[in-house]
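A.B. asks: Please find one structure pasted underneath; my questions will follow.
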Amino acid sequence: MKIKNLPSYKNLEIVPNNHSDRNYEINISIPEFNCVCPKTGLPDFAIIKINYIPNKNIVELKSLKLYMVQYRNVGIFHEFVTNQILDDFKKACKPKKITVIGDFHPRGGIKTVVKANWPEID
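The working numbering applies: residue 24 is where the sequence shown begins, and numbers increase by one.
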């Protein structure tokens, strides 16, 4: 699927992880995420949660905020955007482990929660 104006992992700035000798988890919550339904053009709102164990680098949070804002006018399905964020995060900072959860607000009587993991869970 080809999507116009899709943000790139290159927009995510990385900085060195000063504690790469240990495993610790970073939990990020983006409570005001929004994008657009590709079928109706109506806005979709979600809480995006990113939980990762960093490797040599971490993602700088201001660049993450600016990356997320770029989705505001992108027509994209919930499943696609959640997995795209995971893929971009993986490319940018190469974490040891990552989970991205897209908790989308109900619309039309349907609520969606999408959870993407890497490495994949059986």
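Here a beta-carbon is modelled for each residue, glycine too, at the ideal position from N, C-alpha and C.
Just to check my reading of the structure: residue 54 and residue 70 have Cβ atoms closer than 8 Å, yes? What is that Cβ distance to the nearest angstrom?
C.D. replies: At roughly 5 Å, the Cβ-Cβ gap stays under 8 Å, so residue 54 and residue 70 are in contact.
A.B. asks: Could you name the residues of the same chain whose beta carbon sits closer than 6 Å to that of residue 139, not counting the 5 residues immediately before and after it, in chain order?
C.D. replies: Closer than 6 Å at Cβ, skipping near neighbours: 105, 106, 109, 123.
A.B. asks: For chain D, is any of its Cβ atoms less than 8 Å away from the one on residue 102?
C.D. replies: Absence of chain D from the displayed structure is noted, only one protein chain being present.
A.B. asks: For residue 101, does the three-state DSSP call read helix, strand or coil?
C.D. replies: Reduced to three states, the DSSP call for residue 101 is helix.
A.B. asks: Below 8 Å on the Cβ atoms is my guess for residue 49 versus residue 72; work out the distance and round it to an integer in Å.
C.D. replies: That pair is no contact at about 11 Å.
A.B. asks: Measure the C-alpha to C-alpha separation of residue 63 and residue 42 and round it to an integer number of angstroms.
C.D. replies: Near 45 Å, if we compare the C-alpha coordinates of residue 42 and residue 63.
A.B. asks: Please list the segments of the alpha helix (DSSP H) lying wholly inside the segment 70–140, counting only runs of 4 or more residues, in order along the chain.
C.D. replies: The qualifying runs are 84–92, 101–116.
A.B. asks: Are the beta-carbon atoms belonging to residue 80 and residue 114 less than 8 Å from one another?
C.D. replies: Cβ distance not < 8 Å, so residue 80 and residue 114 don't count as in contact.
A.B. asks: Where does residue 136 land, buried or exposed, given buried means 16+ other C-beta within 10 angstroms?
C.D. replies: Result: exposed.
A.B. asks: Ignore the nearest five residues each way along the sequence and tell me which others in residue 99's own chain have a CB closer than 8 Å to its CB.
C.D. replies: Around residue 99: 26, 29, 58, 59, 61, 107.
A.B. asks: So which of 101, 66, 44, 83 has the shortest CA-CA distance to residue 112?
C.D. replies: When each option's Cα is compared against that of residue 112, the closest is 83.
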